[in-house]
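Asker:
Residue numbers (UniProt numbering): 1 to 412.
As structure tokens, then:
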């Protein structure tokens, strides 16, 4: 009946909710909570909406059912399922407006989260695959060595052009082909780095497949390329923070002052070079110390934290120069947009190509990517999680952002 709304009107559903209410009155020991949350209550909700009945009651019953399912999970190796049921209960109680139950469920969620452990399985490549991978790495190293023979400006331009980065179209195709039919019949739950349950849905799953594919390709080819270019280049003295900063300052829009006006109408020239230089200098110093002696352990905390946060401002500044709005309505009135708002802007997509947008989203804003902006801003990274690879990608992203000028891209 629900599948044919034109044939069956709301009056046709009178008294049908009583069927589901009777199911709730059953002895709790005989109640099939799994069927309740997956079949009975979702159907009851649709009927309640159709008949304009109270839906909060059904959301609340759904939350209670999820709590009972969670209580039934007592084995430690299934605590990840228990946590997922608590998360579902919180969502249901929120929809029901039952704030007391929301707080109770959140407490249970927080208490269980530290105890969640996921088993890991390591599958080593066979000898033939390892041989092929080594040959590929040697090939990358040889190409990188050829690049380092160029002048510093040409090296930076090569990185900014990003020929060795995965193409958006190729990543899309690879992620769509990378399907595992077995996973369609099992429960899959995504966790963020803080053990929180990530959002579910078709779009979230699609993004995860996309960025998992992209991440694999980055680790296999892009990071080795950047390592073999930047580290030997800095070690030899050919690449220095002086010529890098000079390149950004003189060969890109980033070095061009931008005039802003305060509320008093007074203009002030803003230049990003002074804000970017500390992290760039820190990166080069850490690499120099790293390659100079085996006893030095580099730290990229300052460099990563500083440069990551600056990107949001850089992108907003680019928008301002392009006369693209950077304010939107928020809970407290008008406010400046965040980095994910900028990257999702339809107008900004006319300026940046798909390959660069994919890199920026992966690096800064996607939960399925590195999500550096969020992880740095909220201190989600432990000291051990900072690594040179993050700075390699940030340096590359800065160069790829710097290559743009005040023109809309033309389709090829």
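Each residue gets a CB set at the ideal place from its N, CA and C atoms; glycine is no exception. Treat the numbers as computed from the prediction; the structure is a model and nothing was measured.
Can you tell me where the beta strand (DSSP E) holding residue 267 begins and where it ends?
Answerer: Taking the chain shown and counting its residues from 1, the one referred to as residue 267 is at position 267. 267 to 270 is the extent of the beta strand (DSSP E) around residue 267.
Asker: Between residue 107 and residue 372, what straight-line distance do the alpha-carbon atoms span, to the nearest angstrom?
Answerer: Taking the chain shown and counting its residues from 1, the one referred to as residue 107 is at position 107. Taking the chain shown and counting its residues from 1, the one referred to as residue 372 is at position 372. Straight-line Cα distance between these residues: approximately 28 angstroms.
Asker: From which residue to which residue does the beta strand (DSSP E) around residue 384 run?
Answerer: Indexing the chain shown from 1 puts residue 384 at position 384. Run containing residue 384: none; DSSP gives neither H nor E here.
Asker: Residues in the same chain with beta-carbon distance under 6 angstroms from residue 208, minus the five sequence neighbours each way, listed in chain order, please.
Answerer: As a first step, residue 208 is located in the chain shown; it is residue number 208 there, counting from the start. Excluding residues within five positions, the ones whose Cβ falls inside 6 angstroms are 368.
Asker: What distance in whole Å lies between the Cβ atoms of residue 391 and residue 283, which are believed to be in contact at a cut-off of 8 angstroms?
Answerer: Here the question's residue 283 lines up with position 283 in the chain shown. Here the question's residue 391 lines up with position 391 in the chain shown. That belief holds up - the Cβ atoms of residue 283 and residue 391 are roughly 5 angstroms apart, short of 8 angstroms.
Asker: Taking three-plus beta-carbon pairs below 8 angstroms as touching, is the segment 41 to 60 in contact with the segment 81 to 100?
Answerer: As far as the Cβ criterion goes, the segment 41 to 60 touches the segment 81 to 100, which means the pair count is three or higher.
Asker: Cα-Cα, which of 243, 158, 220 and 360 is closest to residue 415?
Answerer: There is no way to answer for residue 415, as the model of the chain reaches only from 1 to 412.
Asker: My parser needs the alpha helix (DSSP H) runs of 4 or more residues fully inside the segment 196 to 235; what are they?
Answerer: Taking only runs of at least 4 residues, the alpha helix (DSSP H) segments lying wholly in the segment 196 to 235 are 202 to 217.
Asker: Could you give the distance in angstroms between the alpha-carbon of residue 116 and the alpha-carbon of residue 380?
Answerer: Here residue 116 corresponds to residue number 116 of the chain shown, with the count starting at 1. Here residue 380 corresponds to residue number 380 of the chain shown, with the count starting at 1. Rounded to the nearest angstrom, the two C-alpha atoms are 18 angstroms apart.
Asker: What residue from 363, 270 and 71 has the CA that sits closest to residue 317's CA?
Answerer: For this step, residue 317 is matched to residue 317 along the chain shown. If we check each option's Cα against that of residue 317, 270 comes out closest.
Asker: Cβ atoms of residue 397 and residue 363: under 8 angstroms apart, would you say?
Answerer: Within the chain shown, residue 363 is the residue found at index 363, counting from 1. Within the chain shown, residue 397 is the residue found at index 397, counting from 1. Yes; because the gap between Cβ atoms is below 8 angstroms, this pair is in contact.
Asker: From residue 128 to residue 136, what does the alpha carbon distance come to, in whole angstroms?
Answerer: Residue mapping note: residue 128 aligns to position 128 of the chain shown, counting from 1. Residue mapping note: residue 136 aligns to position 136 of the chain shown, counting from 1. Answer to the nearest angstrom: the Cα atoms are 12 angstroms apart.
Asker: Report yes if the CB atom of residue 148 is closer than 8 angstroms to the CB atom of residue 235, and no otherwise.
Answerer: As a working mapping, residue 148 is identified with position 148 in the chain shown. As a working mapping, residue 235 is identified with position 235 in the chain shown. Cβ distance not < 8 angstroms, so residue 148 and residue 235 don't count as in contact.
Asker: How do the segment 252 to 263 and the segment 287 to 303 stand: do at least 3 beta-carbon pairs fall below 8 angstroms, yes or no?
Answerer: Short answer: they don't touch.
Asker: For residue 380 and chain D, any beta-carbon pair shorter than 8 angstroms?
Answerer: The question asks about chain D, but that chain is absent: this structure has only one protein chain.
Asker: Can you give me the Cβ contacts of residue 394 inside the same chain, cut-off strictly under 6 angstroms, excluding the 5 residues immediately before and after it?
Answerer: Position 394 of the chain shown, counting from 1, holds the residue named residue 394. 307, listed in sequence order.
Asker: Can you list, in chain order, the residues of its chain whose CB lies under 8 angstroms from that of residue 375, leaving out five sequence neighbours each side?
Answerer: As a first step, residue 375 must be located in the chain shown, where it is residue number 375. Taken in chain order, the residues that qualify are 193 and 381.
Asker: Measuring alpha carbon to alpha carbon, tell me which residue in 211, 258, 275 and 277 is nearest residue 268.
Answerer: If you number the chain shown from 1, residue 268 lands on position 268. Of the listed residues, the one whose Cα sits closest to residue 268 is 258.
Asker: For the segment 145 to 162 against the segment 223 to 232, are there 3 or more C-beta pairs whose distance is under 8 angstroms?
Answerer: Flag = yes, the segment 145 to 162 and the segment 223 to 232 touch.
Asker: Give me the Cα-Cα distance between residue 50 and residue 19, rounded to the nearest whole angstrom.
Answerer: One-based indexing of the chain shown puts residue 50 at position 50. One-based indexing of the chain shown puts residue 19 at position 19. The straight-line gap from Cα to Cα measures roughly 16 angstroms.
Asker: Compare the beta carbon distance of residue 69 and residue 34 with 8 angstroms and say whether it is the shorter of the two.
Answerer: Position 69 of the chain shown, counted from the start, is the residue given in the question as residue 69. Position 34 of the chain shown, counted from the start, is the residue given in the question as residue 34. Contact: yes.
Asker: Taking only the alpha-carbon atoms, compute the straight-line gap between residue 377 and residue 338 and give it to the nearest angstrom.
Answerer: Numbered from its first residue, the chain shown carries residue 377 at position 377. Numbered from its first residue, the chain shown carries residue 338 at position 338. Cα to Cα, residue 377 sits roughly 12 angstroms from residue 338.
Asker: Return the CA-CA distance between residue 79 and residue 73, expressed in angstroms with no decimal places.
Answerer: Within the chain shown, residue 79 is the residue found at index 79, counting from 1. Within the chain shown, residue 73 is the residue found at index 73, counting from 1. Rounded to the nearest angstrom, the two C-alpha atoms are 7 angstroms apart.
Asker: If you scan the segment 46 to 115 from start to end, which runs of the alpha helix (DSSP H) of 4 or more residues do you find wholly inside it?
Answerer: 56 to 71, 79 to 96 and 99 to 112, all fully within the segment 46 to 115.
Asker: Kindly indicate which three-state DSSP category residue 288 falls into: helix, strand or coil?
Answerer: As a first step, residue 288 is located in the chain shown; it is residue number 288 there, counting from the start. Three-state result, residue 288: helix.
Asker: If you check the beta carbons only, do residue 155 and residue 255 fall under 8 angstroms apart?
Answerer: Taking the chain shown and counting its residues from 1, one reaches residue 155 at position 155. Taking the chain shown and counting its residues from 1, one reaches residue 255 at position 255. It is not a contact, given that the beta carbons lie outside the stated cut-off.
Asker: Please state the DSSP three-state secondary structure of residue 336.
Answerer: Taking the first residue of the chain shown as 1, we reach residue 336 at position 336. Residue state, collapsed to three classes: strand.
Asker: What are the start and end residues of the beta strand (DSSP E) that includes residue 259?
Answerer: Taking the first residue of the chain shown as position 1, residue 259 is located at position 259. Per DSSP, residue 259 belongs to the beta strand (DSSP E) from 258 to 261.
Asker: Going by alpha carbons, who is nearest to residue 210 out of 275, 370 and 400?
Answerer: By one-based count along the chain shown, residue 210 stands at place 210. Comparing Cα positions, the closest option is 370.
Asker: Drop a sphere of 10 angstroms on the beta-carbon of residue 493, count the other beta-carbons inside from all chains shown, and report buried for 16 or more, exposed for fewer.
Answerer: In the structure displayed, the chain extends from 1 to 412; residue 493 sits before or after that span and is not available.
Asker: Can you tell which of 177, 166, 331 and 353 has its C-alpha closest to the C-alpha of residue 218?
Answerer: Sequence index remark: in the chain shown, residue 218 carries index 218 (1-based). Closest by alpha carbon: 166.
Asker: Please report the residue range of the alpha helix (DSSP H) in which residue 318 lies.
Answerer: Locating residue 318 in the chain shown gives position 318, where the first residue counts as 1. First-last of the alpha helix (DSSP H) with residue 318: 301 to 321.
Asker: Classify residue 274 as helix, strand or coil using the three-state DSSP reduction.
Answerer: Looking up residue 274 in the chain shown gives position 274. Three-state DSSP puts residue 274 in a helix.
Asker: Give every residue of the same chain whose Cβ lies closer than 6 angstroms to the Cβ of residue 181, excluding the five residues on either side of it in the sequence, and list them in chain order.
Answerer: To locate residue 181, count along the chain shown from 1; it is residue 181. The pLDDT assigned to residue 181 is 48, lower than 50, so where the model puts this residue is not dependable, and the model offers no usable value.
Asker: Less than 8 angstroms between the C-beta atoms of residue 356 and residue 400, yes or no?
Answerer: As a first step, residue 356 is located in the chain shown; it is residue number 356 there, counting from the start. As a first step, residue 400 is located in the chain shown; it is residue number 400 there, counting from the start. Contact flag set, yes.
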